[in-house]
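Chains as they are written, first to last, in our numbering: chain R, 1 to 298; chain C, 1 to 274.
We put the beta carbon where it would ideally sit given N, CA and C, even for glycine.
The model shown is predicted, which means the values in this text are computed figures rather than measured ones.
To start, the structure under review is shown below, and the notes come after it.
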Amino acid sequence: MSSFSISSHTPNHDPKVVVYALTGFAFLAVGFLLFLPMVAVFAEAFSKGPAVYWQTFRDPVTQNSILLTLKVAALAVPLNTIFGVATAWAVTRFTFPGRRFLISLIELPLWVSPVIGGLLYTLIFGLQGWLGGWLDDHDIQVIFAYPGLVLATIFVTFPFVARVLIPLMESLGQAEEEAAVTLGARGWQVFWRITVPRIKMGLLYGIILCNARAMGEFGAVSVVSGHIRNQTCTMPLQIEILHSEYQFAHAFALASVLSMLGIVTLLLKVYLEGQNTRQLPAEAPERRRHRDPATPNP
Amino acid sequence: MLRSRTHVLPGFRLSLGFALFYFGVLVLIPVLALTLRTFSQGFLAFWSTIFEERSIASYKNSFGLSLLAGGFDGVVGLMIAWPLTRYDFPGRRALDALIDLPFALPTAVAGIALTALYSPQGWIGKLLPFKVAYTPLGIFVALAFIGLPFVVRTIQPVLAQLPVELEEAAACLGANRFLIFTKVLLPAVLPAVLTGMTLAFGRAVGEYGSVIFIAGNIAYYTEITPLLIVMKLEQFHYPAAAGLGFFMLIVSFFILFLIQILQTWNARRSGGRS
Chain R
1 MSSFSISSHT PNHDPKVVVY ALTGFAFLAV GFLLFLPMVA VFAEAFSKGP AVYWQTFRDP
61 VTQNSILLTL KVAALAVPLN TIFGVATAWA VTRFTFPGRR FLISLIELPL WVSPVIGGLL
121 YTLIFGLQGW LGGWLDDHDI QVIFAYPGLV LATIFVTFPF VARVLIPLME SLGQAEEEAA
181 VTLGARGWQV FWRITVPRIK MGLLYGIILC NARAMGEFGA VSVVSGHIRN QTCTMPLQIE
241 ILHSEYQFAH AFALASVLSM LGIVTLLLKV YLEGQNTRQL PAEAPERRRH RDPATPNP
Chain C
1 MLRSRTHVLP GFRLSLGFAL FYFGVLVLIP VLALTLRTFS QGFLAFWSTI FEERSIASYK
61 NSFGLSLLAG GFDGVVGLMI AWPLTRYDFP GRRALDALID LPFALPTAVA GIALTALYSP
121 QGWIGKLLPF KVAYTPLGIF VALAFIGLPF VVRTIQPVLA QLPVELEEAA ACLGANRFLI
181 FTKVLLPAVL PAVLTGMTLA FGRAVGEYGS VIFIAGNIAY YTEITPLLIV MKLEQFHYPA
241 AAGLGFFMLI VSFFILFLIQ ILQTWNARRS GGRS
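Here's what the structure looks like:
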């Protein structure tokens, strides 16, 4: 690893010039386009020194925004986890009409503007919405309050656990669960004793992914929040407020916390992928099988 | 009727029932409400909302710039995925991990970070002779940023699975590297590139958080459609917000549909599992 060398995976090499040019380009492009923005977050956060950085978190309004973010995630993430597990179970263990359609439909929130998520619930629960009058008569606040924030967050993040679990459970197969049933295990026993231990890393990753998204969600939450200071502002919204008040160092200090959460999620993904390739050599790329046809197919 | 593949495993009714209930209450009913709300004012009102001059100006940003950003990501993404999968060099794994950064950074964080970089006083902005932040170019930068991982991550597995024999055969038949690239490799990865570009485009169309900070939100110039929806809602102009939202939802459905088709095509072309 000490000497700098670039080698090609393929037997017929690309010309050396191309190899070096493309590798250099990849470093430059990733560095400028993707890495620099993250560096900027931390550089700006500490631009006025560590004292100002820490002062950000002593502001009670900011503290409340962090607390609110935790409270929203504490409800949205478990609900979405249950949904993700139920969906993955139904979709990978059974066939039924519309199964493929359901799998596609789950992805919808990823391709719909988060603003739409907020809009949907505002149209129902907002003051001029379908239930707005009734809710107002009964003094229940959904929009511009905690329930609205949770709903909007759920909408944006509900595909994540299911998306991780569906391919995982598909590839694991159901032989072991069937064996457990044949041996007399009951439904929940199969689930807790067989399924959960086998999918636990994937499940954990899905939950962490969902949580990172839930805490960082901006668009959908911004629509239903009403930006009431100190009451309905989650961390991303508080970042927006600080930024619009030209308190850049404070805005970036708060942003750095969310960035750390994202970076931890990213590292976990790298770690889990490393684990997967070690545990499942059967998943090796096609190319290897071509080289050695004698390898028995598992 | 609904029948399970095997009747051995339990929990079909419970799991599917819960999933459908959750999905129905949180997504289907609200979408239905949005549709009814849109057309409760009549079709003409909807028509005039989505073809209002200001709406059309916002489509140029939301759709036009997303298309450009998707195209840019397609080219740059291929040039990044190529060395990442085919060459071995120090720092390859680290570089590979960095690709996912736009997924990891919350959109609002990405928004203020890009603004800090590309504003006239920013690190990159002050080196450039032209303005980036607060112009359509700034929107393009944000959209290209969030879309890039989709392209790289779609191309990588396809590029890694290309059988070596393909290139060897072409070389044996006398093709030079350039011919091999244009006639053998490029056609093989093209479905993946197109899929990735569509994913990047689809994501960019609805993007809100990372754009509104760098866009400056000047009417008729750097407004995106999701921002227009937010503004209509803030003015309690619900029918107009619903109309624009419904329009964007339909577009998203089409993009989702297109993505499904492209992914099937891509899976079939690369001869692997879907």
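Option in the options with minimal Cα separation from residue i
i, options, result
"residue 276 of chain C", "C/196, C/18, C/54 and C/58", "With chain C running from 1 to 274 in the structure shown, residue 276 of chain C is simply not present."
"residue 39 of chain R", "C/86, C/116, C/93 and C/75", "C/116"
"residue 154 of chain C", "C/133, C/175 and C/198", "C/198"
"residue 235 of chain C", "R/255, R/188 and R/226", "R/226"
"residue 244 of chain R", "C/216, C/9 and C/194", "C/216"
"residue 110 of chain R", "R/61, R/237, R/213 and R/241", "R/213"
"residue 261 of chain C", "C/212, C/196, C/24 and C/213", "C/196"
"residue 46 of chain C", "C/269, C/144 and C/240", "C/240"
"residue 135 of chain C", "C/221, C/268, C/247 and C/176", "C/221"
"residue 20 of chain C", "R/87, R/133, R/199 and R/150", "R/87"
"residue 82 of chain R", "C/62, C/14 and C/108", "C/14"
"residue 25 of chain R", "C/111, C/81 and C/161", "C/81"
"residue 237 of chain C", "C/26, C/32, C/37 and C/214", "C/37"
"residue 218 of chain R", "R/170, R/158 and R/152", "R/152"
"residue 54 of chain C", "C/232, C/219, C/264 and C/243", "C/219"
Where residue i sits in the DSSP three-state scheme
i, result
"residue 136 of chain R", "helix"
"residue 172 of chain C", "helix"
"residue 15 of chain C", "helix"
"residue 54 of chain C", "helix"
"residue 217 of chain C", "coil"
"residue 165 of chain C", "helix"
"residue 206 of chain C", "helix"
"residue 118 of chain C", "helix"
"residue 14 of chain R", "coil"
"residue 133 of chain C", "coil"
"residue 64 of chain R", "helix"
"residue 89 of chain R", "helix"
"residue 3 of chain C", "Confidence in residue 3 of chain C is poor, its pLDDT being 49 and thus under 50, which makes the residue's placement unreliable; the coordinate value appears in the next sentence. DSSP places residue 3 of chain C in coil when its eight states are reduced to three."
"residue 254 of chain C", "helix"
"residue 96 of chain R", "coil"
"residue 267 of chain C", "helix"
"residue 123 of chain C", "coil"
"residue 237 of chain C", "coil"
"residue 246 of chain R", "coil"
"residue 112 of chain R", "coil"
"residue 72 of chain C", "helix"
"residue 228 of chain R", "coil"
"residue 210 of chain R", "helix"
"residue 48 of chain R", "coil"
"residue 41 of chain C", "coil"
"residue 130 of chain R", "coil"
"residue 2 of chain R", "Residue placement at residue 2 of chain R is flagged as unreliable, the pLDDT there being 41, under the threshold of 50; the coordinate-derived value follows with that caveat. If DSSP states are grouped into helix, strand and coil, residue 2 of chain R belongs with coil."
"residue 294 of chain R", "Its pLDDT being 38, under 50, residue 294 of chain R is placed unreliably by the model, and nothing is read from it."
"residue 140 of chain C", "helix"
"residue 99 of chain C", "coil"
"residue 273 of chain C", "Summary for residue 273 of chain C: the model assigns pLDDT 43, below 50, so the residue's position carries little reliability; its value from the coordinates is reported in the next sentence. Looking at residue 273 of chain C - three-state DSSP - the assignment turns out to be coil, as it is neither helix nor strand."
Presumed contact (8 Å Cβ cut-off) between residue i and residue j, rounded CB distance
i, j, result
"residue 261 of chain R", "residue 201 of chain R", "Incorrect: roughly 19 Å between the Cβ atoms, too far for contact."
"residue 27 of chain R", "residue 95 of chain C", "7 Å"
"residue 34 of chain C", "residue 249 of chain C", "7 Å"
"residue 72 of chain R", "residue 161 of chain R", "With 8 Å as the limit, residue 72 of chain R and residue 161 of chain R do not qualify as a contact, their Cβ atoms being about 17 Å apart."
"residue 146 of chain C", "residue 205 of chain C", "Not confirmed; about 11 Å, so no contact."
"residue 12 of chain C", "residue 68 of chain C", "About 47 Å; that fails the 8 Å criterion."
"residue 142 of chain R", "residue 125 of chain R", "4 Å"
"residue 222 of chain R", "residue 237 of chain R", "6 Å"
"residue 118 of chain C", "residue 132 of chain C", "4 Å"
Contact test: residue i Cβ vs the ligand SAH heavy atom, cutoff 7 Å
i, result
"residue 95 of chain R", "As presented, the structure is devoid of all ligands, the ligand SAH included, so that no description of it is given."
message: Check whether the region 201-211 of chain R and the region 59-79 of chain R touch, using three or more Cβ-Cβ pairs below 8 Å as the test.
response: In short, these stretches touch, since the Cβ pair count reaches three.
Touching by the beta-carbon criterion (3+ pairs, under 8 Å), the region 266-277 of chain R and the region 94-104 of chain R: Output reads no: the region 94-104 of chain R does not touch the region 266-277 of chain R.
task: Evaluate contact between the region 144-159 of chain R and the region 90-98 of chain R, counting only Cβ atoms and requiring at least three cross-stretch pairs below 8 Å.
output: Segments in contact, no.
message: For the structure I just gave you, are there three or more beta carbon pairs, one from the region 17-35 of chain R and one from the region 83-90 of chain C, closer than 8 Å?
response: Counting Cβ pairs under 8 Å, three or more are found: they touch.
query: Counting pairs of Cβ atoms below 8 Å between the region 222-240 of chain C and the region 110-125 of chain R, do you hit three or more?
result: Segments in contact, yes.
query: Are three or more beta carbon pairs between the region 62-72 of chain R and the region 182-194 of chain R nearer than 8 Å?
result: In short, these stretches do not touch, since the Cβ pair count stays below three.
- prompt: Counting pairs of beta carbons, one from the region 52-61 of chain R and one from the region 247-262 of chain R, are three or more of them closer than 8 Å?
  reply: Taking a cut-off of 8 Å on C-beta distances, the region 52-61 of chain R touches the region 247-262 of chain R, as three or more cross pairs fall below it.
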